[in-house]
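**Q** One structure, pasted below without further comment.
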Amino acid sequence: MGGLYALSFALSNTFVNVYLWKQSGEFVDIALYNLGSVVMQPLAFMLAGKIAKKIDRVIVLRAGVITLATFFSTVLFLGDQANQYLILLGALIGMGIGFYWLAFNVLTFEITEPETRDFFNGFLGLLNSFAGMIGPILAGFIITRMEQFTGYTVIFTISLSLFVAAVLTSFLLQRRSAEGKFYFKRILKERKENLNWRQITRAHFFQGLREGTFVFVIVVWVYIATGSELAIGTYGLVASAVQFVAYYIITRIIKPTFRKKLILFGGMILYAAIFIIVIGDLTFTKLIMYGVVVSIAYPMLLVPYVSLTFDVIGKGWKAAEMRVEYIVVRELFVNSGRIVSVLAFLATVTFFSEEKGIPILLLVLGAGHALIYFFIRPVRFTKEKGGESYTFARQKGGDGDSSGGTTV
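Set out below in structure tokens:
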């Protein structure tokens, strides 16, 4: 099921932003769509968390996939009128993403062990990278071979079909009922008692600070520089191929003892890569160079970062009983960063010229990943306070991923 989700998102999610861009040619419209998504996601996580605690996690997973299928159905129905419902469309996909990933994380918690955490994060990255190699290039090829928006209709229809298949696949999963109240506020307050948890949530805010804007700017820039959807597919193919190899290597060599160093190196490389695209003229060659660099750096950062995050959660207060709440609080901070990021982007393109304002903004927001290390550096584990460790998983592909795609 995870494979169907990854492939469907790799096929179409990258091109939704370009589809909307072609309708209006305005960055403001793309930002409004993404704002709707990042505002809805934390709300969806909280609602999904309550349902997961009181009813069933598989039902939540299924609801997420159905909502995503509804999103693509709506885009197909609206056609060239889609740009008139930007916030609504963003909210719809944000709802689907929130429900899906809440259930995915909780179910993963129940079927994995702490000892397999780094391997699982790396393997999931490999899966997403593989989907990222196939999806964008196939979509780009189809779109460029058809007139106007016909290719987009075909791609969105394929994605809808894959999500329907994912819904049907979910019926093979054994239902997992849950009991207990939803203690969201209690886990939010736990930040005052638990230094590790406080630092990790702060780090996630800055993670979101970069993701909120980079998730759509890079994709649109590739289209602006080339005027071709096939170029977007080519970019995705190259970036994902490099990322695939990088995930494989990191998964093989990573050890818990040097997680923090990898996070530092990965974050610094990610920030340095921004200078490739903000200095001088914007060209496809420079964007490809940027894609290659960040595709090497993201696995260096994400594999140890995700593992460390859930080590902190696993040793937190009542981790087993409160696993849903910990995930929801984490997502609250990630999406808070994304919301700030998109609002800053909207302000920039409203009051300044896009040519001068966006590059400067990217240099500011792009520091988010580089700052992660300084928040996770104080994280320490002691045997006296440690308990049974638990695991969750969510692997993001990086710029342009939007929760399930490829590094773009």
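Note that the numbering used here gives residue 261 to position 278 of the sequence shown, counting from 1, and the numbers run on in steps of one.
No residue lacks a Cβ here, since even glycine has one placed at the ideal position from N, Cα and C.
Going by CA-CA distance only, name the one from Met78, Val307, Arg181, Ile117 that's closest to phenylalanine 357.
**A** Locating residue 357 in the sequence shown gives position 374, counting from the first residue. The shortest Cα separation from phenylalanine 357 among Met78, Val307, Arg181, Ile117 belongs to Arg181.
**Q** I'd like to know whether the C-beta atoms of isoleucine 138 and alanine 122 end up nearer to each other than 8 angstroms.
**A** Numbered from 1 along the sequence shown, position 155 holds the residue referred to as residue 138. Numbered from 1 along the sequence shown, position 139 holds the residue referred to as residue 122. It is a contact, given that the beta carbons lie within the stated cut-off.
**Q** Around the Cβ of glycine 210, are there at least 16 other Cβ atoms within 10 angstroms (buried) or fewer (exposed)?
**A** For the purposes of this step, residue 210 is identified with residue 227 of the sequence shown, where counting begins at 1. It counts as exposed.
**Q** Tell me where the alpha helix (DSSP H) around alanine 303 begins and ends.
**A** Position 320 of the sequence shown, counted from the start, is the residue given in the question as residue 303. Premise fails: alanine 303 is in no alpha helix (DSSP H) and is neither H nor E.
**Q** Give me the Cβ distance between valine 48 and tyrosine 83, rounded to the nearest whole Å; I'm assuming they're in contact under 8 angstroms.
**A** Here residue 48 refers to the residue found at position 65 of the sequence shown. Here residue 83 refers to the residue found at position 100 of the sequence shown. Correct: roughly 6 angstroms between the Cβ atoms.
**Q** In chain order, which alpha helix (DSSP H) runs of at least 4 residues are fully inside the segment 11 to 65?
**A** 40 to 61
**Q** Excluding the 5 residues flanking isoleucine 13 on each side, which residues of the same chain have their C-beta closer than 7 angstroms to its C-beta?
**A** For the purposes of this step, residue 13 is taken as the residue at position 30 of the sequence shown. Contacts found: Asn0, Leu3, Trp4, Phe199, Val203.
**Q** Under the rule that 16 or more other beta-carbon atoms within 10 Å means buried, what is threonine 404, buried or exposed?
**A** Residue 404 is absent from the structure shown; the chain starts at -16 and stops at 391.
**Q** Which residues in the same chain as arginine 313 place their Cβ atom closer than 8 angstroms to its Cβ, once the five residues preceding and following it in sequence are excluded?
**A** Counting from 1 along the sequence shown, the entry for residue 313 is found at position 330. The residues are Ile183, Thr184, His187, Thr292, Ile296.
**Q** Spell out a yes or no on whether the segment 49 to 57 and the segment 13 to 24 are touching, meaning 3 or more CB-CB pairs, one atom from each, closer than 8 angstroms.
**A** no
**Q** Serine 290 lies in the alpha helix (DSSP H); which residues open and close that run?
**A** Here residue 290 corresponds to residue number 307 of the sequence shown, with the count starting at 1. It spans 267 to 297 - the alpha helix (DSSP H) in which serine 290 sits, taken as one unbroken run.
**Q** Just reading off the alpha helix (DSSP H) that glutamate 173 is part of, what are its end residues?
**A** Reading the sequence shown from its first residue, position 190 is the one you call residue 173. Residues 167 to 176.
**Q** Counting along the chain, where does the alpha helix (DSSP H) carrying isoleucine 417 start and finish?
**A** Nothing can be reported for residue 417: it is not among the residues displayed for the chain, which extend from -16 to 391.
**Q** How close, in whole Å, do the beta carbons of leucine 284 and glycine 249 come, if the pair is a contact with beta carbons under 8 angstroms?
**A** What you label residue 284 is simply residue 301 of the sequence shown in a count that begins at 1. What you label residue 249 is simply residue 266 of the sequence shown in a count that begins at 1. Contact holds; Cβ gap of about 3 angstroms.
**Q** Just the C-alpha distance for isoleucine 38 and tyrosine 254, rounded to the nearest angstrom, thanks.
**A** Taking the sequence shown and counting its residues from 1, one reaches residue 38 at position 55. Taking the sequence shown and counting its residues from 1, one reaches residue 254 at position 271. Answer to the nearest angstrom: the Cα atoms are 43 angstroms apart.
**Q** Determine whether the beta carbon atoms of leucine 345 and alanine 327 lie at a separation below 8 angstroms.
**A** Taking the sequence shown and counting its residues from 1, the one referred to as residue 345 is at position 362. Taking the sequence shown and counting its residues from 1, the one referred to as residue 327 is at position 344. Not a contact, by the Cβ cut-off of 8 angstroms.
**Q** Does threonine 365 come out as helix, strand or coil in the three-state DSSP assignment?
**A** On the sequence shown, position 382 is the one that residue 365 refers to. If DSSP states are grouped into helix, strand and coil, threonine 365 belongs with coil.
**Q** Starting from arginine 242, follow the alpha helix (DSSP H) in both directions and report where the run begins and ends.
**A** For this step, residue 242 is matched to residue 259 along the sequence shown. That run of the alpha helix (DSSP H) goes 242 to 261.
**Q** Within the same chain, show all residues whose beta-carbon is closer than 6 angstroms to that of threonine 20, passing over the 5 residues directly before and after it, in chain order.
**A** Within the sequence shown, residue 20 is the residue found at index 37, counting from 1. Threonine is not the amino acid found at residue 20; the sequence shown has serine there. Once the five neighbours on either side are set aside, the close Cβ partners of serine 20 are Gly73, Ile76, Gly77.
**Q** Please report the Cβ distance between phenylalanine 87 and valine 311, rounded to the nearest whole angstrom; I am assuming they are in contact, meaning their Cβ atoms lie under 8 angstroms.
**A** Stepping through the sequence shown from its first residue, residue 87 is reached at position 104. Stepping through the sequence shown from its first residue, residue 311 is reached at position 328. No, phenylalanine 87 and valine 311 are not in contact; Cβ-Cβ is about 13 angstroms, not under 8 angstroms.
**Q** Can you name the start and end residues of the alpha helix (DSSP H) that lysine 339 belongs to?
**A** The residue given as residue 339 occupies position 356 in the sequence shown. Lysine 339 -> alpha helix (DSSP H) spans 337 to 348.
**Q** Give the DSSP-derived three-state secondary structure of glutamate 9 in the structure shown.
**A** Taking the first residue of the sequence shown as 1, we reach residue 9 at position 26. Three-state DSSP puts glutamate 9 in coil, outside helix and strand.
**Q** Out of Thr266, Gly340, Val150, Ser290, which one is the CA nearest neighbour of valine 362?
**A** Here residue 362 refers to the residue found at position 379 when the sequence shown is read from its first residue. Cα-wise, what sits closest to valine 362 is Ser290.
**Q** Mind checking whether leucine 107 and tyrosine 231 have CB atoms under 8 angstroms apart?
**A** Counted from its first residue, the sequence shown places residue 107 at position 124. Counted from its first residue, the sequence shown places residue 231 at position 248. No, Cβ-Cβ distance for leucine 107 and tyrosine 231 is not below 8 angstroms.
**Q** Within a Cβ cutoff of 6 angstroms, which residues of the same chain sit near serine 324, ignoring the five residues on either side of it in sequence?
**A** Translated into positions along the sequence shown, residue 324 becomes position 341. Counting only Cβ-Cβ distances below 6 angstroms, and skipping sequence neighbours, we find Leu192, Gly195, Thr196, Leu348.
**Q** With three or more C-beta pairs closer than 8 angstroms as the rule, is the segment 274 to 281 touching the segment 218 to 226?
**A** yes
**Q** In the structure shown, what three-state DSSP assignment does methionine 129 receive?
**A** Locating residue 129 in the sequence shown gives position 146, where the first residue counts as 1. Looking at methionine 129 - three-state DSSP - the assignment turns out to be coil, as it is neither helix nor strand.
**Q** Can you list, in chain order, the residues of its chain with a C-beta nearer than 8 angstroms to that of threonine 333? Leave out the 5 residues immediately preceding and following it.
**A** Here residue 333 is taken as the residue at index 350 of the sequence shown, counted from 1. Excluding sequence neighbours, threonine 333 sits near Val11.
**Q** For methionine 305, which residues in the same chain have their Cβ closer than 8 angstroms to its Cβ, ignoring the five residues on either side in sequence?
**A** On the sequence shown, residue 305 is found 322 positions in, with the first residue counted as 1. These residues qualify, in order along the chain: Tyr166, Arg169, Ile170, Gly299.
**Q** Threonine 217 and isoleucine 120 look like a contact to me (Cβ under 8 angstroms); what is the Cβ gap, rounded to whole Å?
**A** Residue 217 sits at position 234 when you count from the first residue of the sequence shown. Residue 120 sits at position 137 when you count from the first residue of the sequence shown. Between isoleucine 120 and threonine 217 the Cβ distance is about 6 angstroms, and since that is below 8 angstroms, they are a contact.
**Q** Please state whether DSSP places serine 211 in a helix, a strand or coil.
**A** Residue mapping note: residue 211 aligns to position 228 of the sequence shown, counting from 1. Coil at serine 211, not helix or strand.
**Q** Let me confirm a value: isoleucine 237 is counted as buried when at least 16 other C-beta atoms fall within 10 Å, else exposed. Which label applies?
**A** Mapped onto the sequence shown, residue 237 falls at position 254. So isoleucine 237 ends up on the buried side.
**Q** Using alpha carbons as the reference points, say which of Arg45, Ala256, Ser7 lies closest to leucine 270.
**A** What you label residue 270 is simply residue 287 of the sequence shown in a count that begins at 1. Out of Arg45, Ala256, Ser7, Ala256 has the C-alpha closest to the C-alpha of leucine 270.
**Q** So the candidates are Tyr135, Phe54, Phe132, Ile355; which of them puts its Cα closest to the Cα of tyrosine 281?
**A** Translated into the one-based positions of the sequence shown, residue 281 becomes position 298. For tyrosine 281, the nearest C-alpha among the options comes from Ile355.
**Q** Whose CA, out of Ile341, Ala148, Phe335, lies closest to the CA of isoleucine 260?
**A** Here residue 260 is taken as the residue at index 277 of the sequence shown, counted from 1. Nearest of Ile341, Ala148, Phe335 to isoleucine 260, Cα basis: Ile341.
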